[in-house]
Structure formats: structure tokens, C-alpha cells
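Position in the sequence shown (from 1) plus 4 gives the number in my numbering.
C-beta: ideal position from N, C-alpha, C; glycine also.
Please read all numbers here as calculations on a predicted model, not as lab measurements.
Report on the following structure.
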Amino acid sequence: LRLLTGVLIPELLTRTAPGQRVRMLSMGCSTGEEPYSMAMALREQYGESVERLFEISGGDVDLQALDKARTGVYGAYSFRTLSPELTERYFTPVDAHHRQLDPAIRRLVALRQVNLLAEAYPQDWVGQDVVFFRNVSIYFDVATRRAIQQRLQALLNLGGYLIVSATETLSNDFGLMRLEERDGVFFFVNRPVAQTRARTPAFVEPLKSPTSSDDRRQEDRRFQLDTVLLTPPNLSTNEAGYQNALMLAQEHRFDEALQALAPLCASDAASSHHWALQAHVLLERGDAVGALAAVERALTLDAWSVDALLLQGRIARFRGHLEDAIGHFRQVVYSRPDCWPAHYHLAELYRDRGQTALAIREYRIVLRQAADRDEAMQTAGQLPLAMSIQDLRFLCETQLSRLGQTAD
Numbered sequence: 005l006r007l008l009t010g011v012l013i014p015e016l017l018t019r020t021a022p023g024q025r026v027r028m029l030s031m032g033c034s035t036g037e038e039p040y041s042m043a044m045a046l047r048e049q050y051g052e053s054v055e056r057l058f059e060i061s062g063g064d065v066d067l068q069a070l071d072k073a074r075t076g077v078y079g080a081y082s083f084r085t086l087s088p089e090l091t092e093r094y095f096t097p098v099d100a101h102h103r104q105l106d107p108a109i110r111r112l113v114a115l116r117q118v119n120l121l122a123e124a125y126p127q128d129w130v131g132q133d134v135v136f137f138r139n140v141s142i143y144f145d146v147a148t149r150r151a152i153q154q155r156l157q158a159l160l161n162l163g164g165y166l167i168v169s170a171t172e173t174l175s176n177d178f179g180l181m182r183l184e185e186r187d188g189v190f191f192f193v194n195r196p197v198a199q200t201r202a203r204t205p206a207f208v209e210p211l212k213s214p215t216s217s218d219d220r221r222q223e224d225r226r227f228q229l230d231t232v233l234l235t236p237p238n239l240s241t242n243e244a245g246y247q248n249a250l251m252l253a254q255e256h257r258f259d260e261a262l263q264a265l266a267p268l269c270a271s272d273a274a275s276s277h278h279w280a281l282q283a284h285v286l287l288e289r290g291d292a293v294g295a296l297a298a299v300e301r302a303l304t305l306d307a308w309s310v311d312a313l314l315l316q317g318r319i320a321r322f323r324g325h326l327e328d329a330i331g332h333f334r335q336v337v338y339s340r341p342d343c344w345p346a347h348y349h350l351a352e353l354y355r356d357r358g359q360t361a362l363a364i365r366e367y368r369i370v371l372r373q374a375a376d377r378d379e380a381m382q383t384a385g386q387l388p389l390a391m392s393i394q395d396l397r398f399l400c401e402t403q404l405s406r407l408g409q410t411a412d
């Protein structure tokens, strides 16, 4: 939202014709937290002019989620990063555990049912200036993601912005739009790609073959799947079930993965890696409470499970408990200094907190530990990776460049 209100919106307002509004769309908006957060942020910055200056839409396939968004009643976990001052300003308590969003904010967002897989999106949505498509594309394969991005691009004005989550950026770089970066945040601009490829940091080593970001992700996923498929055939029933659940999680088939894990976690022979994988899948679905409960079960079975400790840090970060997250990742580094995922999370946390020297140190550690792809895959833990090793190196090198440093 800082990128939106501090950088993109001021630019868009300067090029929007008088009497026209800046148009924004949240695709896959679920129960409305994202578009309502946009509305509150813009109301804070532009006051009563927000209705005159902006048009905000949200779309999702789930009618029940949209109905909940329209009522605007949320539990304490929703909008958890909102300051107490803004919470008091925009929400009214309903009971001890729920609060309702101000109707004035709800009126700023037009919600509609839309299927991302439809061949075309609503015609009156054409002409968007900003499209948010965050934490949704992970559920689709490469061909589907590309088709969705083409349809989203058709909604955007020339020079409009497509914003995805940090872990989805490179896996959605199909060469359809320019990939740009401001203040460490990547996003796509609806302009011809050929105009900007030279903006990649000069010290990023060129790939030895013309491999796309999606090919690299598939390559690392194949490495993980090969590890699963080459497992000796005399596996125990539990281990075979775990490997099946792991494969499903790697393919983002989360509901099936949870079904496969249910009997394993209910068994007397349940192990820490069963519970850790369940926690990972739940967190990927946004269920931090369930994920934390599963992690705690994993740690009762193995107090030094690297995967479980990493998940503790990820959950804390997801919930906005940054000091706790740093503590968890440091604990992983203490027990496993070669665990580059912990170093990478620390680098990102330090960068966000403005602790530049610590961030630089951690990014460089990651680059050293990820220099050999096969070795990096072996030290990453058992859980599915959010990005390929090549993409990991690219992100670290780019962040170092932003901090005025090189990989050396």
C-alpha cells in the first residue's frame, strides 16, 4: 500500500484527465480485506476527495466471500496490521470478537463475482490503472497463469500497473509487460518489454541458456519431484503417504495435500515432518492459526526441526510479529548455519526495518550458500520452495544493488 499511495497514485493523478478517476481493481479479493485496505489508505491521504478521484473494484468467484465482504464484519485477525487509531476510526465493535467496517469505506468498493478462468472479464472493467493480483496465481499452472495475465493486461491502460506478491513476481514474468522495481518492490508496467530489459543490474550474471523464470521454477520443482519419485519402492505406508502429500503441495494442490496428510497426522506414528508439511499447506492457504497449531505439534516431536522452526518464523512474519520472526530465524541459523532460507528471511526482515548492514550481510550469505544449485536444494529443508534458486539469486543481487552493494 505504501507503493500505491506514495509512488503510483501521485504519478497516475498527474496523467489522469480532469473529471476522470484513477481506476483500481483487486482480483481474487476474497472477503474484501485488500480493496478495503486500499480505500482506507486513500481516504487517509485524500480525505473526502477520494470518491471524486478514485474508483475501486473487487472481484472473486466465491459468492459467500463476497457476501461477507459486503457485510464488512471481521474477526480480530483481519486487518491485524492496522494501527489502533485507524481501527477505532473505521471499525465499530459488534461483539467481543468481531467488528464492522464503516459503511462509508464499504461504499467506495464495488464488488462483483468473476471467474479468473473465464475467457473474458467484464467489459466495463477495461481501462484500469492498477490491478492487484496477489497470492492467487500460486494456485494455477504456468499456462493458466499466462492466460490470466493476458486477460488482466487487456484490462489495463497503457502504462497501468499489475501488482503481484513478492514470491509470485518472477514466476509471472512472461515477457508480456515490463518488470520494474521501486524501493525494493517489484511490479509490472503495461508497456513493451524491449524498452527496459537493460535495467537489470549490470552485475547479475547472464544465464548460460535462454531459460525463462518459469522454466527455472519448473526445473527446481522437477529436482524436488525427482527426489520424491526416486525414493526406494519399499517405503512404509506412512512415508509413501508423506511423499504423495509433499508432491501435491509442490503442485499447489493444497486441498488434496491436506486430505493426504490427515491420516498421517492422526496416526500414532505421526512424525514432525508430517505436521510441518501440514503447517506449510495451511499457511499457504492463509490459515496462520491452524498452521501455528500444526507447528507446535511438530516441535513437540522434534524441538530442533528446521522446517518447523522456519515455519514459526514465517507465521510470525505473516502475522506482523517481526521481532518474534527474527528470533525464530536466528534459532534456525544457530542450529543450521547453512540453512539459506533462514538467512534470506532475515535479510528481508532487516531490509524492511532499515537495518541495512545486517540485510547486506544476510543477502551475501544467501548468495554464497546458493552458489551451487544442487547443494542449495539439499540444504533448503523438505518443504516446497517459494522460488527457484536462480530467482533467489536474482532477488538477492537486485536487493544488494538497491542498497548500493554487490554480491562480493
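Helix, strand or coil: which one does DSSP assign to MET31? Taking the first residue of the sequence shown as 1, we reach residue 31 at position 27. Here MET31 sits in strand by DSSP.
Anyone know if the C-beta pair for SER141 and ARG149 falls short of 7 angstroms? On the sequence shown, position 137 is the one that residue 141 refers to. On the sequence shown, position 145 is the one that residue 149 refers to. A contact, by the Cβ cut-off of 7 angstroms.
Would you say the beta carbon of TRP308 comes nearer than 6 angstroms to a heavy atom of the ligand COA? Inclusion of the ligand COA in the displayed structure is not the case, the ligand content being empty and no account of it being possible.
Return the bridge partner residues of ALA114 from the DSSP annotation. Counted from its first residue, the sequence shown places residue 114 at position 110. Note: ALA114 sits in a beta bridge opposite SER61.
Extract the residue ranges of the alpha helix (DSSP H) inside the region 343-399, only unbroken runs of 4 or more that lie entirely within it. Within the region 343-399, the complete alpha helix (DSSP H) runs of at least 4 residues are 344-356, 360-373, 377-382.
Kindly list the residues whose CB is nearer than 8 angstroms to the CB of LEU326, restricted to its own chain and excluding five residues on each side of it in sequence; keep chain order. The count along the sequence shown starts at 1 and reaches residue 326 at position 322. Only ALA320, LEU353, ASP356, ARG357 meet the Cβ criterion.
Residues that PRO39 bridges to, as DSSP identifies them: Stepping through the sequence shown from its first residue, residue 39 is reached at position 35. According to DSSP, which records beta bridges pairwise, PRO39 is partnered with nothing at all.
Taking all protein chains shown into account, do 16 or more other C-beta atoms lie within 10 angstroms of the C-beta of PRO22, making it buried, or fewer, making it exposed? As a working note, residue 22 is residue 18 in the sequence shown. Its Cβ having fewer than 16 others within 10 Å, PRO22 is exposed.
What would DSSP say about HIS277, mapped onto helix, strand or coil? On the sequence shown, residue 277 is found 273 positions in, with the first residue counted as 1. The answer is helix: DSSP assigns HIS277 an H, G or I state.
How many Å lie between GLY164 and GLN49 at the Cα? Taking the first residue of the sequence shown as 1, we reach residue 164 at position 160. Taking the first residue of the sequence shown as 1, we reach residue 49 at position 45. Looking at the two C-alpha atoms, the distance is approximately 21 angstroms.
To which residues of the same chain is THR35 closer than 6 angstroms at the C-beta, ignoring the five residues directly before and after it? Residue numbering aside, residue 35 sits at position 31 when the sequence shown is read from its first letter. For THR35, where only same-chain residues beyond five positions count, the Cβ hits under 6 angstroms are ALA69, LYS72, ALA73.
Going along the chain, which residues of its own chain have a beta-carbon closer than 7 angstroms to the beta-carbon of THR20, five neighbours each way excluded? For this step, residue 20 is matched to residue 16 along the sequence shown. The answer, listed in chain order, is VAL26.
If you drop the 5 nearest sequence neighbours on each side, which residues of the same chain put their C-beta closer than 7 angstroms to that of ARG377? As a working note, residue 377 is residue 373 in the sequence shown. Contacts found: ILE393.
Measuring CB atoms only, is the region 130-146 touching the region 108-118, in the sense that at least three cross pairs come out at less than 8 angstroms? no
Do HIS284 and LEU387 have their CB atoms nearer than 7 angstroms? Position 280 of the sequence shown holds residue 284. Position 383 of the sequence shown holds residue 387. Yes, the pair counts as a contact, with Cβ atoms nearer than the cut-off.
Would you call the CB atoms of ALA45 and ILE60 closer than 7 angstroms? Position 41 of the sequence shown, counting from 1, holds the residue named residue 45. Position 56 of the sequence shown, counting from 1, holds the residue named residue 60. The answer is no: Cβ separation not under 7 angstroms.
Leaving out the 5 sequence neighbours to the left and right, which residues in its chain are closer than 8 angstroms to ARG84 when beta-carbon positions are compared? Within the sequence shown, residue 84 is the residue found at index 80, counting from 1. Closer than 8 angstroms at Cβ, skipping near neighbours: ARG323, GLY324.
Hey, could you find the ends of the beta strand (DSSP E) GLY163 is sitting in? On the sequence shown, residue 163 is found 159 positions in, with the first residue counted as 1. First-last of the beta strand (DSSP E) with GLY163: 160-167.
Measuring CA to CA, which of VAL337, GLN24, HIS332 is closest to PHE58? For this step, residue 58 is matched to residue 54 along the sequence shown. For PHE58, the nearest C-alpha among the options comes from GLN24.
When burial is assigned at 16 or more other CB atoms within 10 Å of the CB, is GLU123 buried or exposed? Residue numbering aside, residue 123 sits at position 119 when the sequence shown is read from its first letter. Within a 10 Å sphere around the beta-carbon of GLU123 sit fewer than 16 other beta-carbons, which makes this residue exposed.
Evaluate the contact criterion for the region 327-343 versus the region 290-307: three or more CB pairs, one atom per stretch, below 8 angstroms. no
Run through DSSP, which three-state label would GLN104 get? Working through the sequence shown from its first residue, we reach residue 104 at position 100. Three-state result, GLN104: strand.
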